[in-house]
Every structure is written in structure tokens, then in C-alpha cells.
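Chains as they are written, first to last, in my numbering: chain A, 1 to 401; chain X, 1001 to 1987.
Shown next as C-alpha cells:
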């Protein structure tokens, strides 16, 4: 007489217990890890100059690993999405849009001024911060927007380069221009011309097209210059340097930060000995942050620090400090305000952004000596020779001690 | 309020719950087992498939490189190549096109310059590649790198040629991709991913081609590698996802590694799908089995038991007589039938036991209900099982009330006693013996009663604890008697301890019973220490003069059996060695039957009282001597005034007559010594009332010390408090006192030493031993390291003319004593022969406290005029007028105040007023100086009046300004004194 209610109760109990157990089993699978903060890195890895970008990638990746190993951004890990823009305008826009769709708050890139200019309207127009260390064109200077860079612009370089020529008594120069990065090379030469009264002989080419390097060398020497200024990437500079030296040319070569890569020495060999590079990156630094970076890069990525990897690492240092001071989730505007309102001790010394997101930093004349980059001269941000300074306070002591 | 005991669920429901739990557990366990088996099988399949793919890939890639290298080497080594040139031979289209046709090649000369290169790259000819890592390392197969010519991801193969040149062939990684792109690892819907990495983690092959083109270092992002399991599979983490992986190193190139990986989420989803399918059938089987089991248990166990329980619930074994169970009860098993029969039998036995119990209970009630004690039985749950009727007599509450309210027994306890009882009653579940307790209750009508409670455990025949049997007895009467006694005792104890005399009581053996607080202080023995000791040990009394031991009062009393009072005060030696002069009385203590049961000894310390009495006697003696000395000194002073004044006048008139001048000087010196002696006598006899002013005591002490000790071979040290208060004193007199003390100290140290003069601030309380009014005082100490003063001399040290020194006149300390007393202070001395003496002075401090030294008034310019002299002694009047005349003044004299007023008034009327009037203070039988001054000032408020007197006992001298005088001229005086006073007042 009791069987039916008992059976129903039994079935109900069994189902309830099963449900509880299932929930208990599923509960641990729910992630307890805090939501990551996504940032994108868009650089040219497979196009011309790809090996140099490998250094950028490794520097940025090491910076991210270090931030995450120290607890991330207030507990939120950084998630780095790396994209190859193939040095191609269509790919640049495609990869940046892909990164934005994946929810990145910052895009680090691109590797040259021309590519950054392509990406600029797309990225900043969608309320994403565009942050680079590899863009010097003055076309992006003085804008109160979501674009930030740790590199000084071509107006500073042009003034300093012209000053170098004046001090060396050089009155005739030949300039090699890669017109595929015209926003940098043309802009750079324009700034030199604005501060230089000597004669300038222009020789241009397109890196994405086949180039007759023998002809380029001959054109450069046509005006009987006292110096050659290379406004091209390390590969093109190295090849042209070899061609010029083979042609018996003994005049000094001047190059830009674009060429400050070990590959310049690998390809250029003896031809690039003595070349002078105007840069804001010294070959090495004497501070704890630099030493930590150098040690970890060698141990983890089997590489020596380079100008490109150092700049990549510095960008992550700056971003991490800025994002730690703002609530989660970080927005481009909040990061922007934090970048403008703070100063940032990094392995390259302190950085403080102007209201337009630009920086003022000391310059170095770096030369190649016995197959290694060495500092020849330190210049003030205005381009004048800097007086010798006492050893600087170590900005990294507090972080790496 | 007690909670209802929880009713256990019915058997059928409990069985259902257990079966449901078994079902779920069974389902889970079987599902887990299935999942593990499936996982194992999946891993086995994956490992086999991955291993096979890895081996195949390895073989294909190795073959690709081996075949390429061997073919090119064989072509380079054959005779034609030597003849035609190696590269040309390789490029000859008809024979070897396939060898390097799709690859970029270049030839380097011995200096590593490009001398030949694939078509389309000729402009690179001539470049020196000697610094390129791939060339410099010289490995046959280079690491993956980007070609500087084609920008592709390549590896470079180097072949040395016979002529020292090098052939470099760049192999595009797309070739590798081409070789293995069609491979798929079966299982999991083709979601198994495989890729090839170099030793530094660079991607050589990956389905995502962009990773190859960008030479991504995927290997560096693969972290947390586990150890290989039994299938050779490992797990790693990549971008927040965990993978199950297989890896195998390739044969060639040796640093390349094959990886096959699948994300764990994919595996888990696959396993869950498999388990879910099987779980349905397992669930159905388990459910069928458990439903069947449920029916069987209900049919043969749960339901019959339930019926039996319902039947038993309707039976009352104390009322019904068996067999009582209904005949229709389902008893279709032997066990159930046996239970039913046993229950019937039990009902019969219960009835028999009930009768025995009723008899036993009647017996128990008879015993307990006639007891005056309140007896109860409290069960382990706190319930009153039984309460005897006497509870009502004690508490006013009935037994039924205690049984119905189980907390009543605690509620009637007074709140202040509950802390004692709560612990006791709360432990009613504790079978261990409880200590008896006493507490108070409030009865129903509000009275307070004392209860003595004892209890013990109650056990059944098997030793099981059933609660406690308690017995409460009303002990109010006893408690009240005890309290009375205690109060009496306490009152006596407080009285004894409060009185100001020492009290010691002993027993009949003379052993100490009680010592009050004062006796503890005087003997040095506390009550605890002294109790039981013989009185003679505690109370050690010796004769004050002889030092002989005095008999113990207790023994004397116990011997004489009457009160005694010691006539001679004895010295009681305290335990710490301190001695007290005491007065004591002793008396026997009698009991109610007038029998002596001990001795009470009462004594007090009279040391201070005796000292005060001695002080008073000394003061009286000094005062009487002073009165005598003062009378003599006053008359003597007047005589000296005439002698000294005349000598000085004669001296003034004689001029430079050297012979007479020497005689006069000798007479003057003798007179001056006589004057000093007289002044000291006057001072001692209170004739020298101090002329007080506010003085900074530190400066005064320094100046007095420096002045006195100048030229002495004894060093002196000043230790004066930085914040030393000021005092209203006569600076001259106090300086004289300090001087006297220092001279005494100096003379006491013929061998030299140090005199310490210290001064500090003290505030004396009421009833201080110095007999001074309470308030602030400046304390001055003069301490020497001299020979000291013999004890027998100490009493007389301040007596006049008492001296132990051959050259002293014995007035120094006497006058010091007098000066200090006139300042309302005290001087005392402590001395120890051979060690030194210390004189201590207490002077009242001024309310204005500290004062810097007042500035001296400017010295007045001398003047001329008429001076009136009033003195009843003609010789003094004549003398004074002579002095005034010799000083150039016009002098007139009068004998009393009446004459003076007339003379002054007359002079004013004639237009020749007196510039000043010198008034003697005391005119026997006539108007004295004070009254004359008052009336002169009425006559002429600007009158310039000078008081003249031999001693300053009168207030008109010590406080002359209050009486209208401008200055004082102290007798005896000389020409210079008169000149100085007149210069002062007339300017």
C-alpha cells in the first residue's frame, strides 16, 4: 500500500543526489584565475627586415613573462597576441583589426614609421592605444590622441644629424632613401635639410622592388660627397656599404636608429666598421633593470640585448606600471591619462611623456668598432655634445634589487 | 524550555534514502571507471598514432635531406663536375635540373664573397658574407633564418668545393611543409595537431603557416612539461591551455623535434561523450536492481515491522493483561512470530514487577517525607524525579512545582551565589562525587535562607548512572551566629589595628598571639612572623640609661596576675636595629570566668615627644638668659654711645696731634670691641629684631661664604639649588649667622678639609618635628669634616658663653640661634665625634620666591642745615650736637617729645625750619620717638625724621619707614655714622 509514494520518493532522491554530485564535480573546473589583459604586438616578421623584428618580439615577450611571473597587473596576467604584419599595408590593417576584435586594449607596433602611419587611423579610431618605440616620423608629433611612442621624432634627429655634419666640417652629403618608408626617410632628410646649409644629393629606391645595388652605389658617389647618410633598413644599408667600399669609397657613413641591429654587422661585415648611428639607445646600460633584462634574455631566448629588444622590453615596463595604477579592466583612455601623469623608470633611464605622447631623451652617436656597437658620443636632446656626467642613479634598483 | 526529541524517520524512508545513495554512488563509480578505461584506451590509440606519424615524418624529412645532400655531393664529386666546374655541372639542365632547380644558391670564393648566384640576384655578386652567422659557423645544415635574398624562412646547406670555394643552397621551409602537409593523426575528429620545432624552439613546420614564415619560437611558450607517462605521452601548457603531447626527435636534422599535441578540453569532451552514452545503460540497470531490492525490503521487512510498531504503540503494559497483540498481525516469518510471543510474555512480567515497585515506593516515601531535610533525585537531564515534601517548609515551593519546573532549584538561588552553584548543578550529568556547598536562596515569601547542600550519584543495579540524590539542609540559624561572631572579630581586629599605640597580646605561656600594625612597625615583626614566638624575643626592652635588659612584661603579669605600668621608659630595639624610647603598660586578659588567659601589652614611641620637651626646656632657658643679657646690654650701650661718640669727636677736633691720637685710637678700638660685644648680647636677647627685606638667598650665601672663608686654608664647596627660593630676611644678620657657622667649622678643622654649604627648597607638612608652621622653607646646611661635638656638649651648644675653644666668647652660636628664631626659623645641629658636624637652618621662603639682588640706592650728596636732636640722656644729646656742629650743621637739642614739638614749631614759624630731627626712641617718663614722630608729621608732613636706638626690639626700629622715619642711627655711633645718615636723608 506504500510502494508508489516510496518509489517516487526514491527516484526523486536519486535524481537530486546525482544533480548535486554533478554540480560538485563541475565546480572545480570553473576557472579561478583572474581575467587576463590582452595586448597585441604587430610587427614585420616575415617581410624585409624580419630578423630585426625577432628581437622586438623576444624583448616584448620577455617583458610580459616577467610581469606575469611577478603577479601580473594587480593579479591579472598579461596575454600577448603576436601578429606578423608582413610589412604590407593590407596585412597591417588586417592584423590590427584582428587584434582589436580579440579585445586588446593596446597595440604595440609597428616596426617602422610608414606601417605605423597606416595603422594609426584604424587603431586610434577604435579607442585602442597605439604604442610604439619604432616610429620617428614627425607626422605623428604634437597630436593629443591615443598614440604614444618612446622614440624621439625626426625633428630631433634631423637637428642632431645636421649638427654632427657641421662639427665634422662636412659640406656635401649623399642620402640614400627607402621610399617604401618615406614617412621616415623623406621626413628625416627634410629635417636635416632644415638645419643644414651644405649640399644634399638624394638617391632613392623602393625596398619592396628589385634593386640594382651597384647602380645605387654609383649614384651615391656621383656628387662626390664627403659623407653618405643611409635612410634605409640595416640590410639595405649593409649591402650599399659593401658596394661603396668595393668601389673604393672611404668617406664616413652615417645611419639611423633603423640600422641599429646586429644584422647590420652580420651582413655589412668590415664595410660597416666606423659607421656612425644617431640613436637614443646606448649599446648597453649600467643599471639593475638592464642587467636583469640582459641575463634573462640570454638564458631564456639565447640572445644578446639589442636596441630593438631593449625598446620592446621598455614598452612593457611602461605599460605595466601605468596599468597597475588604474582599475580593471584598463581602457585606452585610462592608460593614456596614466601615461601622461607619471614618469617611468626603465632600463633605458627615465621616461616622461609630453601632453602629446612624445618624449625627450638624450641621443647617442654609436659606431661599429671591431664588429661591436660602441658609444662614441653622448648628445643632449637638443643635439649638442653632452658634458660628461657622473654615474647616474640606478633607476632599476627598486624593481630588481 | 526543552526541545522535543527528534523523531527518527520511518524504516522505509531510511531504506529508500540509502538505496538512492547507493544508486548515485554506483553510477558515479561506474562512470568514473568507464572514463578511466576510455581515457587509457584513447591515450594508447593516440600514442600509437602519434608515434607512427612521428616516425614517418622523421623518415621522410631525413630522406629529403639525405637524398639532397648525397645527390648533390655525388654530382659535385663526379668527373664531369671536376671538368666543367661544379656549379655549372649542377645547373646543366638536361641532367641535374631537379637537384637545385627550386632553390636559391650562391657560390662564395675563398674570401667568402659571392661570385655566382641564382638568376635575378646578380646585383648581390661581390658581397662579402664572411660575417654572416650561417657562413661563419660552417655547419652543413644551418639553423632556420630569414634569407637576405628572398626574405623567406630557410635553412642553408653548405657544400665545400675542391677549389676552396663554397656552394650555399638555401632550402625553403615550404619544401618541408610540402612533404608532410597531408599527414593526419587519426582519432578525435582530426583535432590532433602536429608540428616540428628546431632546438631553439623555432617553428619549422606548423599547420599555421604564418608561424613558419615569422620563425615563431613556439618552443619557448610551451611550459610546465610533465614527465612522460606509460604511453610516452606528456602534457604542457601553451597560452593558458593544457595539451597532451607526444614528442620525438627527428633523425635529421638532429636538433629538430616532432610534436603532436591535443588540447585537454578536446580530450575531456570526447571522454564525457563516451561516458554519457554508457552511463544511460548503466543507469537503467542500476535503477532496475535497486527498485527490485526496495520492493523486497518493504515487503518482507519494513512493512511488518511498521505494523508491529503500530500495534505495540496501542498497548499499556501496566493496565492491560496479555496476550495483547492483535491476532491479524502479519507474522509470516518465524522471527516476527517469536517477537510477538515474547512481547506478550513481557507484559505479564511487567505487571508483577509493578506491584513490587509500589510496595518499595511506599516504604521510601515514609522514610523521606518525615525527614526535615529536603531530599531530591535529579535525573541526568536536569528533571526532578523526586522531591521530598520538606522542600515546601524550607522554600515555600511545593514538590510539584520543583518537579514541573526543572530550573526552579537554580532560580531561587541568590544571584551572587549562583556562580558557586551553577558549576555544581550544571554537572548533574557528571557521575563523579561532588563537594558539599553552601549557598543562599530566596523563599517564596522573600526571606533569605542558607542551605547546606550535599549530593551523590545514583546508579542502577547494572552500575548505570541515573542522576544525583541531593540533600538540602536549612542552616540559616547557624550561619547567622557565625556572621555575628565574624563581625565581632573583625571589629576587634580593626580597632586594634587602628589605634595609635602598639598592642601585643600573648597566651598563658607568654607566646605572641596578636600584633597590631603600630607594634609591627616598632618591633619589626609582622603578625605572621611573630605569632607563636615568646614575647621576650619580639619585645626586647632595655633601660634607657643603663642599657640593662628589662624584665619581660608578660612574665611579670603572669607572675603577679595584675596590671603594671612601667615608670621608667625603656628603649625598644627594633628588628632592624633602630631604637625607640617607649612608654608601656601591660595587663592580664581574663575570660568569662575571670581566669587569666593571656597578657595584653600596650606601648607607644615617645622618642619625638621627649625631644620636643627637651627643645622647649632649652628655649625657655635661652629666653630667660636673653632677657637678663638684654637689660644689661641696653644700659651698657647707652654708656658706650657717649664714650665712643666723644672719642670720635675728640679725635675729630684734635686733628693731627699724633701723640694724643694714638691714645684715642686705643680707647676707640677697645670701645668698638665693647660695642660688638654689646650688639651680640642684644641680638641674642631678642633685642635685634631683623630689618627684613626680600633677599636672593643664593647670592647672600655665596657672598657670606666668600667673605668669611677668604684667607682660610679650608676649602669650601657651595651646592645651591638652581631654583632656590628667596626669603624675607635681615641680610646682615643672616650673613652673620653663616659667618659664625663657617668660623666654627673652620676652627673645627685645624688640619684642613672641606666645608660644604648646601641650600635647597623644602616644604614642611603639618606636625613636622621641627615644630615649624607648614609651608615652603629654604634649608641651609653647613657641614664640616672636623672633630665633631661631644654628645654631652650638644645640648648646650647654643647657650651664651658656652664654648670649648680657648679664644671664643661663646656668643656666636647663641646669637645665631637667636637670629634664626627671630626670623621664625630653626637652627639645629647633628654631630659625630671624629666625623664632623652639620648645622641645618630652616628659614621661611618668601611668597615672592626667588629675587635677584636689589640695586643699591645711589649715594646722596652731602648738605647743610639745622638739625634737632632729641635724647633724654644729656651726655648723648650733647655728644650728638657736638658731632653735628663738627660736621658743619647747626644743632639744637631737646630732652623729650614735647620740647621737640615746640622747638620744631617755633623754628618753622621763624622761617628757620629744621632740615632733620634725630629722635631717641625711648624717653622714660616722656613722649618717646614714635609718638613725637607721628605728631611732627602732622605738623609738617615733609618733616625729615631719623630714629636713634641701641637695639631694634621695637618695631619702630625694625620697620622704621612705617612710622614715618627716613633713616635709623644705631647707637653707639661715631662722627662718620652721623655724617652718613644725614647725607642720605638730606639728599
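Positions of the beta carbon are idealized from the N, C-alpha and C atoms, including for glycine.
Excluding sequence positions up to five before and after residue 1589(X), its CB lies within less than 8 Å of the CB of 1505, 1596, 1597, 1598, 1599, 1600, all in the same chain and listed in chain order. Close to residue 51(A), with beta-carbon spacing below 9 Å, are these residues of chain X in chain order: 1145, 1146, 1148, 1215. A distance of 8 Å or more separates the beta carbons of residue 235(A) and residue 91(A). Interface with chain X (8 Å Cβ-Cβ cutoff): residue 206(A) is excluded.
Scanning its chain for C-beta atoms nearer than 7 Å, with the 5 sequence neighbours on each side dropped, one finds around residue 320(A) the residues 67, 73, in chain order.
Within the segment 1119-1140 of chain X, the residues whose Cβ lies closer than 8 Å to any Cβ of chain A are, in chain order, 1120, 1123, 1124, 1126, 1127, 1128, 1129, 1130, 1131, 1132, 1133. Between residue 120(A) and residue 278(A), the CB-CB gap reaches or exceeds 8 Å. Just measuring C-alpha positions, the residue of 1894(X), 1571(X), 1907(X) sitting nearest residue 1926(X) is 1894(X). The beta carbon of residue 1408(X) sits no closer than 8 Å to any beta carbon of chain A. At least one C-beta of chain X is nearer than 8 Å to the C-beta of residue 213(A). CA-to-CA, the gap between residue 1206(X) and residue 1178(X) works out to about 11 Å. Residue 239(A) has a beta carbon lying within less than 8 Å of a beta carbon in chain X. For residue 1620(X), the enclosing alpha helix (DSSP H) covers residues 1607-1654.
Non-local beta-carbon contacts of residue 1519(X) in its own chain, meaning distances under 7 Å to residues more than five positions away in sequence, involve 1502, 1503, 1504 in chain order. In this structure, residue 1738(X) keeps its C-beta atom at 8 Å or more from the C-beta atom of residue 1677(X). The C-beta distance from residue 217(A) to residue 179(A) rounds to 17 Å, too long to fall under 8 Å, and the pair is not in contact. The C-alpha of residue 384(A) lies about 31 Å from the C-alpha of residue 115(A). Proximity of residue 1151(X) to chain A, defined by a Cβ-Cβ separation below 8 Å, is satisfied. By alpha-carbon distance to residue 186(A), the top candidate from 175(A), 196(A), 98(A) is 175(A). Between residue 1129(X) and residue 1114(X), the C-beta gap is smaller than 8 Å, which places the two residues in contact. Across the segment 301-320 of chain A, CB contacts with chain X closer than 9 Å involve 301, 302, in sequence order along the chain. Counting the other Cβ atoms within 10 Å of the Cβ of residue 1740(X) gives 16 or more, which makes it buried. Taken atom to atom, the span from the alpha-carbon of residue 1779(X) to that of residue 1577(X) is near 29 Å. Nearest Cα to residue 1511(X) within the set 1918(X), 1533(X), 1261(X): 1533(X).
In this structure, the alpha-carbon of residue 1943(X) lies about 24 Å from that of residue 1924(X). Within chain A, the residues placing a beta-carbon under 8 Å from that of residue 1200(X) are 302, ordered along the chain. In the three-state reduction of the DSSP assignment, residue 1842(X) falls in the strand class, which pools E and B.
Here residue 1334(X) is exposed, its C-beta having fewer than 16 other C-beta atoms within 10 Å. Within chain A, no residue has its CB atom less than 9 Å from the CB of residue 1197(X), the nearest being about 14 Å off.
With fewer than three CB-CB distances shorter than 8 Å, the segment 1224-1238 of chain X does not count as touching the segment 1152-1163 of chain X.
For residue 1472(X), the enclosing beta strand (DSSP E) begins and ends at 1465-1474. Residue environment analysis places residue 1363(X) among the exposed positions, since fewer than 16 neighbouring C-beta atoms fall within 10 angstroms of its C-beta. Every unbroken stretch of the beta strand (DSSP E) spanning 3 or more residues and falling wholly within the segment 114-169 of chain A is given here in chain order: 129-132, 147-149. Residue pairing by DSSP places residue 1455(X) opposite 1470(X) in a beta bridge. Checking the DSSP bridge columns, you'll see residue 1716(X) partnered with 1755(X).
Remark: fewer than three beta-carbon pairs, one from each stretch, lie closer than 8 Å, so the segment 1353-1363 of chain X and the segment 1455-1462 of chain X are not flagged as touching.
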